[in-house]
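Engineer: In our numbering, the protein residues as written are 98 to 429.
Heads up, the beta-carbon is just placed ideally off N, CA and C, and yes, glycines get one too.
If you scroll down you'll find the structure; I have some questions about it.
Structure (C-alpha cells):
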C-alpha cells in the first residue's frame with residue numbers, strides 16, 4: 098500500500114473518530130408557517146407565546162392565502178393560514194404532491210367596509226350598491242359615487258381592496274358579487290392591509306375593505322359602514338357581537354389554519370404548537386381584536402384535531418354563512 102495514502106487514511110480515520118466523540122447537537126426544531134395576512138396577527142401572537150416557553154423556532158410569513166397554499170402544497174411549510182377555505186385547484190395540487198391536510202377553523206372575522214373619516218354622505222351601504230361598485234362590469238364605467246346611488250354626490254370613487262392572491266379577495270367577491278375572484282381590476286390592490294388603510298385615509302372619495310381587526314386598530318382614522326344585506330333589511334354594523342350572533346351578513350367568515358397531516362402526526366413540535374394554538378386561541382384571538390369561536394366550537398375543533406382527520410368540509414369553493422360544527426361534521 099502506498100505510504101502516503103496509508104498515512105492520509107489514518108489521519109482521516111482519526112478525524113472521524115474525534116468528531117464522533119463530540120456531543121451530538123440536536124437539530125434546531127423549526128415550524129414553518131405562511132399564508133393569510135388577515136390570520137397573521139393571531140398566528141404571530143400564538144407563535145410568540147409558544148416560542149417563549151419552548152426551544153422551537155416558529156417562522157410566520159404573509160404571502161396571502163393563495164401564496165401560502167402554493168408553498169404548503171409543495172411541502173415547504175407545516176401550516177398554512179387561510180382567510181378562506183382551500184380551493185379545488187389547491188386541493189388538486191396537494192393531492193398530486195401527496196400532501197394531506199387537517200382543516201381547523203380558529204376564529205371569526207367580519208370583513209369591514211370603510212370610508213374616509215370626512216365622508217359625511219354615506220351612512221350605510223347595501224350589498225347591491227357594493228356590487229355596483231365592484232362587479233367586473235363596473236370597470237372603467239362606475240367612477241363616481243352618484244353612479245352607484247343618485248342620492249350621493251358626484252365625487253370621484255376611489256376603491257381599495259385585497260389583492261387577487263388573498264383569501265379576503267376571494268371571500269369578498271363571493272359574498273358581494275356572487276362569484277369568487279369576480280371583480281373589477283381598476284382599483285388599488287394590496288396584500289398589505291396597512292396600505293389599504295393609508296389609501297382610504299388619504300382620499301375623501303375612497304372606499305375599501307379588509308378584516309375587522311385592522312379596522313379596530315385604525316378606527317380613529319376611518320369610518321366603518323353598516324351593511325344592508327338585502328332590500329328592506331336593517332343595516333348592521335360590524336362588531337364582535339354581530340359577527341358572533343350571525344346578524345352581520347354576508348361578510349362574517351371563519352378563518353383557518355391548515356396543518357400538514359404528516360407534520361401533525363410525526364413532528365412533536367408541530368403537534369405541540371397546534372395544541373397550544375387551540376388551547377390559547379380564545380384569549381389570544383381576542384387580544385389581537387379578532388372574534389373567538391364560542392367555547393363549544395373550539396371544543397369541536399380540538400376534538401377534530403386530536404382525531405387527525407384530514408380533508409376539508411368545503412367542496413373547493415368558499416361558502417357564505419357556514420357554521421363550524423356543520424363544517425367539521427362533513428369531514429368523514
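Do residue 155 and residue 183 have their C-beta atoms within less than 8 Å of each other?
Structural biologist: no
Engineer: Please classify residue 396: does DSSP put it in a helix, a strand, or coil?
Structural biologist: The three-state reading of DSSP puts residue 396 in helix, counting H, G and I together.
Engineer: So within the stretch 333–387, which uninterrupted alpha helix (DSSP H) runs reach at least 4 residues, ignoring any that extend past its ends?
Structural biologist: 337–341, 358–363 and 365–384
Engineer: Nearest to residue 175 by alpha carbon, out of 132, 223 and 356?
Structural biologist: 356
Engineer: Verify whether the separation of the beta carbon atoms of residue 401 and residue 381 is less than 8 Å.
Structural biologist: No, the Cβ-Cβ distance between residue 401 and residue 381 is not below 8 Å.
Engineer: Given a cut-off of 8 Å on the beta-carbon distance, is the pair residue 209 and residue 137 in contact?
Structural biologist: no
Engineer: Contact defined as beta carbons within less than 8 Å: I believe residue 405 pairs with residue 196. What is the distance between those atoms, to the nearest angstrom?
Structural biologist: Not confirmed; about 14 Å, so no contact.
Engineer: Just checking my contact of residue 222 with residue 324 at CB under 8 Å: how many whole Å lie between their CB atoms?
Structural biologist: 7 Å
Engineer: With a cut-off of 8 Å on the beta carbons, I'd call residue 430 and residue 231 a contact; round off their distance for me.
Structural biologist: In the structure as shown, the chain begins at 98 and stops at 429. Residue 430 is therefore absent and cannot be evaluated.
Engineer: Which residue spans inside the stretch 260–328 form an unbroken beta strand (DSSP E) run of at least 3?
Structural biologist: 285–287, 303–307 and 319–321
Engineer: On the three-state DSSP scale, how would you describe residue 138?
Structural biologist: In this structure, residue 138 counts as helix in the three-state DSSP scheme.
Engineer: In angstroms, rounded to a whole number, what distance separates the CA positions of residue 320 and residue 142?
Structural biologist: Each residue's Cα considered, the two are about 26 Å apart.
Engineer: Pick out the complete beta strand (DSSP E) segments inside the stretch 124–177, 3 residues or longer, and give them in chain order.
Structural biologist: 127–132 and 154–157
Engineer: Closest by CA to residue 278, which one among 266, 289 and 256?
Structural biologist: Measuring from the Cα of residue 278, the nearest candidate turns out to be 266.
Engineer: Using a threshold of 8 Å, state whether the C-beta atoms of residue 308 and residue 255 are closer than that.
Structural biologist: no
Engineer: Nearest-angstrom Cα distance between residue 293 and residue 159?
Structural biologist: 16 Å
Engineer: Output yes or no for whether 8 Å exceeds the beta carbon distance between residue 419 and residue 272.
Structural biologist: no
Engineer: Helix, strand or coil for residue 113? Go by DSSP, reduced to three states.
Structural biologist: At residue 113, the pLDDT of 38 sits below 50, so the modelled position is not reliable and the matter cannot be decided from this model.
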